[in-house]
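The next block holds one structure in the form of structure tokens; read it before the comments.
Numbering (our numbering), first residue to last: 3 to 208.
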């Protein structure tokens, strides 16, 4: 996994990843000094049937301080916060090293700017299709959060649809520009003046 990570912030598209496996890999990289941004956390999968996972979360959400519930523990419903707390549980977050590691983490629903225009990666070791048998059930974290009280799933889906439309239009435009560039290069392929100029340019690294 370490070979996949580089300098600067790494943007991970969480769609189709298993929650626990993704969290353990990200936690280790944060402790190693890597900055990570997780996008589309509402598309994360949890192994097991949906209704079973829902009852497990409902049971956990009932746990609070009996005499003064406002003192915690606090149970967040948003997918990004569930992922954040899962990773935090794998980091010694009460030490200086752990606090510094958690400050390197950013978690989002959807793909907000500027991450919609940056290269996003996946982690093969955490993908459900590579780690689970095809017969095994999985639960979508976005749906789970929505049924547990998260109120913004419809808004996130709408924004994601708009983003995908813009992305598709940009891709078509880029494809057309590449085709024009190839056509222009083919039209001057046998031109001696262009070949001479290219030879001079190549000496300067162009």
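By construction, the Cβ of each residue, glycine as well, lies at the ideal position given by its N, Cα and C atoms.
Please classify residue 21: does DSSP put it in a helix, a strand, or coil?
-> For this step, residue 21 is matched to residue 19 along the chain shown. Residue 21: helix per DSSP, three-state reduction.
With 16 other Cβ atoms within 10 Å as the buried cut-off, status of residue 84 | On the chain shown, position 82 is the one that residue 84 refers to. With 16 or more other Cβ atoms within 10 Å, it is buried.
Same chain, Cβ closer than 7 Å to residue 49, neighbours up to 5 away in sequence not counted = Stepping through the chain shown from its first residue, residue 49 is reached at position 47. Excluding residues within five positions, the ones whose Cβ falls inside 7 Å are 20, 134, 138 and 140.
Evaluate the contact criterion for the segment 70-87 versus the segment 107-120: three or more CB pairs, one atom per stretch, below 8 Å.
-> yes
Spell out the partners DSSP gives residue 49 in its beta bridges.
-> The residue you call residue 49 lines up with position 47 of the chain shown. Bridge partners of residue 49: 140.
Local Cβ density within 10 Å of residue 157, reported as buried at 16 or more and exposed below that | Locating residue 157 in the chain shown gives position 155, where the first residue counts as 1. Looking at its Cβ environment, which holds fewer than 16 other Cβ atoms inside 10 Å, residue 157 is exposed.
Quick one: what's residue 37 bridged to in DSSP?
-> As a first step, residue 37 must be located in the chain shown, where it is residue number 35. Answer is 11.
Look at residue 130 and residue 18 and say whether their C-beta atoms are less than 8 Å apart.
-> Indexing the chain shown from 1 puts residue 130 at position 128. Indexing the chain shown from 1 puts residue 18 at position 16. Cβ distance < 8 Å, so residue 130 and residue 18 count as in contact.
Decide if residue 81 is buried, meaning its Cβ has at least 16 other Cβ atoms within 10 Å, or exposed.
-> Taking the first residue of the chain shown as 1, we reach residue 81 at position 79. The residue in question, residue 81, is buried, as its Cβ has 16 or more Cβ neighbours within 10 Å.
For residue 108, the three-state DSSP class (helix, strand or coil) = Position 106 of the chain shown, counting from 1, holds the residue named residue 108. Here residue 108 sits in strand by DSSP.
Residue 129 - DSSP class collapsed to helix/strand/coil = Position 127 of the chain shown, counted from the start, is the residue given in the question as residue 129. If DSSP states are grouped into helix, strand and coil, residue 129 belongs with the strands.
Can you pull the DSSP bridge partners for residue 122?
-> Indexing the chain shown from 1 puts residue 122 at position 120. DSSP lists 13 as partners of residue 122.
What three-state label does DSSP hand residue 152 in the structure shown?
-> Counting from one through the chain shown, the residue named residue 152 turns up at place 150. In the structure shown, residue 152 sits in coil (DSSP, three-state: anything other than H, G, I, E or B).
Start-end ranges of the alpha helix (DSSP H) lying completely within the segment 73-108, minimum 4 residues = 81-90 and 98-105
Should residue 128 be labelled buried (16 or more other beta-carbon atoms within 10 Å of its own) or exposed?
-> The sequence position of residue 128 within the chain shown is 126, counting from 1. By the 10 Å Cβ count, residue 128 comes out buried.
Rank 195, 189, 145 and 164 by C-alpha distance to the C-alpha of residue 55 and give the top, closest one.
-> As a working mapping, residue 55 is identified with position 53 in the chain shown. It is 145 whose Cα lies nearest to the Cα of residue 55.
Residue 92 vs residue 29 beta-carbon contact at 8 Å | Looking up residue 92 in the chain shown gives position 90. Looking up residue 29 in the chain shown gives position 27. Yes, the pair counts as a contact, with Cβ atoms nearer than the cut-off.
Could you tell me the distance, in whole angstroms, from the CA atom of residue 9 to the CA atom of residue 194?
-> The residue given as residue 9 occupies position 7 in the chain shown. The residue given as residue 194 occupies position 192 in the chain shown. Answer to the nearest angstrom: the Cα atoms are 43 Å apart.
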